[in-house]
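Residue numbers (our numbering), protein chains in the order written: chain V, 2 to 374; chain Y, 42 to 392.
As structure tokens, this is what we get:
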């Protein structure tokens, strides 16, 4: 089971603890984030590098994303020892399997009543319930997400929204009504797009089953780079969660910057993923929280592609304890990016994930010091 | 993995980020966070191989910058100045490189000029915490090589290199030049064969008396998905045959990649995720380090012949595979030049 307890509620968010993730003891405090994986790896890091150079605050919960592995699904089944082992992930890790890649593209118009579309470098794969069930079982992760019809853009009409909720409900039912059992903890994905009515309806249709371990809110339209209306987010989350038991873990996948993270935590979200720091690293960017974060929500993004760093041989971020900032300089990062060396991505991923991890630690500390409600 | 020495490319570093910048960063070791040994080449070789308009006169190498289009001069003094700014533990003299298949008087001229440039490099060499190696030239002419070895050995302080090879010459000529140079050099100088190479080249050259090598091949080929293996030589992991192959690259290899990953996984990420490049690079470097360790052990324990038989039958045998009985496998033909070199050294092959 996902054993989760809320330890404190404050005006700034809820403080909680995940004791176990499936069979793995994690003692992982929330708010926090899962560690985003692509092809079963923290992008650009071999597991050897991750184990020796990336020091995280807590026992990680890994978010295994399917699109980079889906074409290997039959081979992983044949392999017979599960996807984590296939990808070289350290044994006994807590791993969550999601059908979507928070950094992948997800264009509209490709879902149907039988399947949702996911995208690989070689094109579209239509994921139906039967295939998803067999992938969940052969991959052997500790937890999985239920399928959701995510195709609910802002301009979606009533008919489309209703259909999306219907499909999400059907996918959910079909996944569990078969004789073949689905192995792992069930994280139920809640959709409904920009419509308060459909958010609530979807939550009620799929969210009330007793076996639900946690909730995942389909929220890609609000992730980094999209225009967000805070009032709208508050209302949508309120409609989503008001019909549901309040004590379950709430998770939102996708790249969110430190400011948005604070806002989502304030609105009751417990768990995220580390796709934001990876996204920045892929662009040659590194980020750093303001000294007064999270009192302020400020942070800075530095673009090391910029030639102005070429002669600057000072540490990338003074005070940062990560491997990159301890061992290398701004000028060297600039040089690595300038010459398209693979080491640039390695060093930036290490810094950015370390900083994102520290961000959650600071947030938890501020919640601890806040008054309970 | 216990890798002890790296080669850094002077030409590329001189272009980006620039040797003055490396100096400002505190030298190569500090800039790249490597506290073991580093060797830099003279920068001359890339100017020859990358520049369309290259001329050499007594002053130095003149070349057209492939980046700015300007004509630039690289005299020996400049090469040393750049290498001193980079700050490697071992620098290389600027030598007059000619294509290995060049014949005629120019071969001799280039050899003599390399000796004169060595003298100029030594005058320019002012840092006492860096060693500098001379580079033997003389093309495929064994007499010239011998003459060059005698002259340069007088001037060499720490070690010496054998240059001008690995440029597309017949292997038959290649090993004979290495053998002749090694025979002509005094034993106290470590001998470094530049730009070598493939596993079989490393083994043969080591047994002929060479001590150091360098090659981009292991990491370059790794990035394209080719693993180096003792059994079968090269494993192209992007081939379909590895799609469902759940063996490690080499089940006898102790590298992190072989301990944790299957050929099938690596096949699935080659060309898609950078970790594919990293995993095969780790294996290939470990392969080279292990191979050289085994050569040293064979020499130390007087079991070179046994080692050669095992190494060559594995290398020219098939890739390890679950479906094939290893002991009943046919060994592909061992090239003539390898047999000749082995004969020359007085060892016998059983196959």
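The beta carbon of each residue, even a glycine, is placed where N, CA and C say it ideally should be.
Between residue 364 of chain V and residue 32 of chain V the beta-carbon gap is near 5 Å, inside 8 Å, which marks them as a contact. In this structure, residue 45 of chain V lies near residue 282 of chain V, with their beta-carbon atoms less than 9 Å apart.
Residue V:207 holds the alpha-carbon nearest to the alpha-carbon of residue 246 of chain V among V:311, V:315 and V:207. One finds 40 in chain V with Cβ atoms closer than 7 Å to the Cβ of residue 310 of chain Y, taken in chain order. For residue 88 of chain V, the chain Y residues whose Cβ falls inside 7 Å of its Cβ are 306, in order along the chain. Between residue 221 of chain V and residue 151 of chain V, the alpha-carbon positions lie close to 8 Å from each other.
Residue 201 of chain Y is positioned such that its CB atom lies closer than 9 Å to that of residue 226 of chain Y. From the beta-carbon of residue 320 of chain Y, the residues of chain V found nearer than 7 Å are 47.
By the rule that beta-carbons nearer than 9 Å mark a contact, residue 100 of chain Y does not touch chain V. If one requires a minimum length of 3 residues, the beta strand (DSSP E) runs lying completely within the region 7-71 of chain V are 14-22, 25-31, 33-38 and 62-66, in chain order. For residue 145 of chain V, the beta-bridge partners assigned by DSSP are V:98 and V:187.
By the C-beta density criterion, residue 81 of chain V is exposed, having fewer than 16 other C-beta atoms within 10 angstroms. By DSSP's assignment, residue 131 of chain Y forms a beta bridge with Y:80 and Y:172. Here residue 134 of chain V carries a helix assignment [DSSP, helix/strand/coil].
When secondary structure is reduced to three states using DSSP, residue 123 of chain V falls in the coil class, being assigned neither helix nor strand. Per DSSP, residue 103 of chain Y is one residue of the beta strand (DSSP E) stretching across 101-105. Residue 354 of chain Y places its beta carbon less than 9 Å from that of residue 372 of chain Y.
In this structure, DSSP gives residue 274 of chain Y an extended state, which the three-state scheme calls strand.
Cβ-Cβ distances below 8 Å link residue 234 of chain V to 223, 264, 265 and 268 in the same chain, with the five nearest sequence neighbours on each side left out; the list follows chain order. By the Cβ rule, the region 161-178 of chain V does not count as touching the region 98-105 of chain V, because fewer than three pairs are nearer than 8 Å. Contact annotation: residue 120 of chain Y and residue 162 of chain Y have beta-carbon atoms nearer than 9 Å.
Taking the beta carbon of residue 343 of chain V as reference, the chain Y residues within 8 Å of it are 315, 318 and 319, listed in sequence order. In this structure, the CA atom of residue 262 of chain V is about 12 Å from the CA atom of residue 252 of chain V. The beta carbons of residue 59 of chain V and residue 29 of chain V sit closer together than 9 Å. Each of Y:282, Y:97, Y:158 and Y:259 was checked against the Cα of residue 332 of chain Y, and the nearest Cα belongs to Y:259. For residue 74 of chain V and residue 302 of chain Y, the gap between their C-alpha atoms comes out near 16 Å. Within the same chain, 251 and 253 come within 6 Å of residue 270 of chain V by CB-CB distance, once the 5 residues on both sides are set aside. The continuous alpha helix (DSSP H) containing residue 365 of chain V extends over residues 343-369. For residue 285 of chain Y, the chain V residues whose Cβ falls inside 7 Å of its Cβ are 76 and 79, in order along the chain.
By the rule that beta-carbons nearer than 9 Å mark a contact, residue 241 of chain V does not touch chain Y.
Residue 330 of chain V belongs to the set of residues whose beta carbon lies under 9 Å from a beta carbon in chain Y. Beyond the five residues adjoining it in sequence on each side, residue 149 of chain V comes within less than 6 Å, by CB distance, of 169, 190, 192 and 219 in the same chain, given in chain order. By the 16-neighbour rule on beta-carbons within 10 angstroms, residue 324 of chain Y is buried.
Secondary structure note for residue 289 of chain V: its beta strand (DSSP E) is the uninterrupted segment 286-290. Between residue 155 of chain Y and residue 130 of chain Y, the gap from beta carbon to beta carbon reaches 9 Å or more.
It is roughly 18 Å from the alpha-carbon of residue 362 of chain Y to the alpha-carbon of residue 328 of chain Y.
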